[in-house]
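Reviewing the structure listed below.
Protein chains: 2
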Amino acid sequence: MATIYEVSKLAGVSLATVSRVLNKNTPVKEETRLKVLAAMEQLGYQPNSVAQSLASNRSNSIGIVVPELNGPFFGTLLSDIENQFRQAGKHVIIAAGHSDEKLEQESISFLQSRNCDALILHVEAVSDDYLVELMQKKVRFVLINRFVAPLYDRCITLNNQHGGYLATRHILEHGHTHIGYISGPMWKHDADQRYKGHVRALTEFGIEPSEQLVYEGDYHESSGAAGAQVLLQSNPSITALVCANDEMAAGAMTAAREAGRTLPDDLSIMGFDNVNFSHYTFPKLTTIDYPVGGMGEMAAQLILKCVYQQSVDTIQTVFEPRLVERDSIKNV
Amino acid sequence: MATIYEVSKLAGVSLATVSRVLNKNTPVKEETRLKVLAAMEQLGYQPNSVAQSLASNRSNSIGIVVPELNGPFFGTLLSDIENQFRQAGKHVIIAAGHSDEKLEQESISFLQSRNCDALILHVEAVSDDYLVELMQKKVRFVLINRFVAPLYDRCITLNNQHGGYLATRHILEHGHTHIGYISGPMWKHDADQRYKGHVRALTEFGIEPSEQLVYEGDYHESSGAAGAQVLLQSNPSITALVCANDEMAAGAMTAAREAGRTLPDDLSIMGFDNVNFSHYTFPKLTTIDYPVGGMGEMAAQLILKCVYQQSVDTIQTVFEPRLVERDSIKNV
DNA sequence: TAGTATGATGTAAGCGCTTTCATTTGTAAC
DNA sequence: GTTACAAATGAAAGCGCTTACATCATACTA
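So the sequences go chain by chain: A and B.
The first sequence stops at residue 332 when you use full-length UniProt numbering, and every number in between is there.
The second sequence stops at residue 332 when you use full-length UniProt numbering, and every number in between is there.
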């Protein structure tokens, strides 16, 4: 592999000049520039990004922590983030946090030791204090799907409560009054907010929220199935089930059918997230769209702006969910 | 951030000694080792991986090119690869090739410029010759889901033909004789092989393969729907549909229902891949399991062995598909 | 006791770049 | 032809580490 030194020799200029045409940060006479470019071409020169990083103290890499790498939700997120950065000549390093405090912290320090210029964090188990400390240590990062007040300007969030509200309101508008709710783990902020939205909608329609009608799941398919089974058995009068995400909704569909219900006629089911498989279910799932893609892009933009000083379009930090009507909801 | 220099000063030893306790590659007296470790602890020392890379000419990073970052298939692949490397203290840099020759090449040289120690490639558009050239340039890489003869020892493949055979044989064993086939893009090696397996099974059962019964899709859901629509309309006697992947099978289900068929009674549907949403469909999809996870792990192992000289369990390069019976196939 | 092998540690030269500061060159004003 | 100033370029010092080689202490052999 040719180095900058060989290029400089061939072009008859100094190292510094080659570096300058590379970085375009200092004017170089057009004539010399062309000589240098020709030399690079001839040698098939490729800058060594590791040496660049060491010398400039910038790695042009962004670390990302997400709970899981697989799963429809994070795939989309990663894909959109990668896209943005790729266009800017940056690259992403990805680590999985598995919703575990220790693993999340490990992932973060792993990425820091990799000299990432910035981090994008979708973390759930780590405390707010830990994140605030991180900021105080001058670590540059953006938070996705989490709001921490002292970090308000680096949080990209979804209005989860409004999403939960929209979901249940839609069901109520179809005349349902006996509505089961399968929540996510309540210690997760988004699960809590979605549930709050659900309660708000019920209240607005004059229905008393009841603990009997709530099952706390873990966002996985199997807990959706378990939840549906439990709720339908103990409350046979239920005509609709609101699930805090699509995976659990899919599980609930299976369990509901096994409990003898015909979908959607005997039971309406609502999802949340609008992940890419949600129209593979039968009946096709009515759900709340979570604009993951947009949020990922926005996180990338925020970093491009704050860390790399690039000018970007307006920054938006709060995103709004949207109802996606398909076939899983029927009038009661 | 503390450097190795400060650690050496505090511990009262030389730079080299600190480096040695860090790398564990040269014996250091236990007593000194402890002194050094204590100094590191006290300073909160974290090695600078960029400097390490530059000095050692190893970046401890592995580049991965996949067609897409989202999608159930690649999510699983990435997840398993990341896991393996993470445990070994390596990290992965991911790029999307989008099944496009130019983009795939760009991704590869992007990762090379990032000084990856090795690459894992799931590429489809780039030519065999290009890959052979890459090998000749001493680029270290492993190929997933692709066989190129001169690179035989670095290809991790699935026996796609056998998978295609298993799929169709299973349908035939259920008494079907009018079987439609929705293939992937025939220029892709796996699509071609799966189809060959299909034909082999038909022949074995004494059925003449007919072009009328084949629709060439693109592996996406929509083409599965289109394929089902076309085939069922032009060949109403079809009682089973074999799809070259699960996405298209999901699309086919929707279209079949729209064409008035009841599933699985009026029409049996077979998938391929066993992606994670395949049991969200209704009826749950019978399919061919593609052991992505295992293959990703194996690719990682191969690199750990050849590039990082770690001893690993046996290396397996050809994987076998396996039938997964669910509910989408009925006797005719 | 001298001689030699062995293990532990130190010295210093890079790895391939960026960047500060100094120098040279070119241009315009006098 | 000088002088003054700006633009272009060069020289060289790092960035934080690894590693070949040199050195030194220690233990063992004869």
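A virtual CB, placed ideally from N, CA and C, is assigned to each residue, including glycine.
Using a Cβ-Cβ cut-off of 8 Å, Gln136(B) is close to nothing in chain A; its nearest Cβ partner there is about 14 Å away. The beta carbon of Val148(A) is closer than 6 Å to those of Asp128 and Leu131 in its chain, skipping five residues each way along the sequence. By the Cβ-count criterion, Leu103(B) is buried, with 16 or more other Cβ atoms from all chains shown falling within 10 Å of its own Cβ. The CB of Ser113(B) comes closer than 9 Å to the CB of Gln46, Pro47, Asn48 and Ser49 in chain A, given here in chain order. One alpha carbon belongs to His189(B), the other to Val92(B), and they sit about 26 Å apart. Annotation: the continuous beta strand (DSSP E) that includes Gly180(B) extends over Ile179 to Ser183. Gln212(B) sits exposed, since fewer than 16 C-beta atoms from the chains shown fall within 10 Å of its C-beta. Where Gly227(B) is concerned, the enclosing alpha helix (DSSP H) starts and stops at Glu221 to Ser234. Comparing alpha carbon positions, the residue from Ala55(A), Arg154(A) and Ser183(A) closest to His122(A) is Arg154(A). It is roughly 12 Å from the alpha-carbon of Leu304(B) to the alpha-carbon of Leu119(B).
Within the same chain, and ignoring the five residues on either side of Glu208(B) in sequence, the residues whose Cβ sits closer than 8 Å to its Cβ are Leu202. Using a Cβ-Cβ cut-off of 9 Å, Pro72(B) is close to Asn70, Gly71, Pro72, Gly75, Asn276 and Phe277 of chain A, given in chain order. Contact between the region 214 to 228 of chain B and the region 279 to 294 of chain B is absent, with fewer than three C-beta pairs closer than 8 Å. The beta-carbon of Lys284(A) is placed less than 9 Å from the nearest beta-carbon of chain B. At a cut-off of 3 residues, the continuous stretches assigned as beta strand (DSSP E) that sit fully inside the region 107 to 149 of chain A are 118 to 121 and 141 to 144. The beta-bridge partner set that DSSP reports for Leu158(A) consists of Phe319(A).
Against chain A, the CB of Met253(B) has a partner CB under 9 Å away; the residue lies at that interface. For the C-beta of Val92(A), the chain B residues within less than 8 Å are, from N- to C-terminus, Ile93 and Ile94. Spanning the alpha carbons of Gln105(A) and Ser59(A) requires a straight line of approximately 21 Å.
In the structure shown, Gly296(B) adopts helical secondary structure according to DSSP, grouped into three states. Interface flag for Thr281(A) against chain B is set, since a Cβ pair is found closer than 9 Å. For the region 308 to 326 of chain A, the set of residues with a beta-carbon nearer than 8 Å to any beta-carbon of chain B is empty.
Val18(A) sits buried, since 16 or more C-beta atoms from the chains shown fall within 10 Å of its C-beta. Counting other Cβ atoms within 10 Å of its Cβ, Thr262(B) stays below 16 and is therefore classed as exposed. Rounded to the nearest whole angstrom, the CA to CA distance from Val324(A) to Phe272(A) is 9 Å. Of all residues in the region 219 to 232 of chain B, none is placed with a Cβ closer than 7 Å to any Cβ belonging to chain A. Contact annotation: Asn276(B) and Thr287(B) have beta-carbon atoms that are not nearer than 9 Å. Residues of the region 241 to 252 of chain B with a Cβ closer than 7 Å to any Cβ of chain A, in chain order: Ala250. Annotation: Tyr290(A) to Gly75(A) spans about 14 Å, alpha carbon to alpha carbon. Nearest to Val307(A) by alpha-carbon distance, out of Leu172(A), Phe141(A) and Ile156(A), is Phe141(A).
Leu54(B) reaches chain A at Val50, Ala51 and Leu54, counting residues in chain order whose Cβ is nearer than 7 Å.
The Cβ atoms of Ser61(A) and Arg114(A) sit closer than 9 Å to each other. Pairing Ser14(B) with Leu54(B), the inter-Cα distance amounts to about 20 Å.
Among the residues facing chain A, Glu133(B) is not included, as its CB has no counterpart in that chain under 9 Å away. Rounded to whole angstroms, Gln233(B) and Leu302(B) show a C-alpha spacing of 48 Å. Using a Cβ-Cβ cut-off of 9 Å, Leu78(B) is close to Leu69, Asn70, Gly75, Leu78 and Ile94 of chain A, given in chain order.
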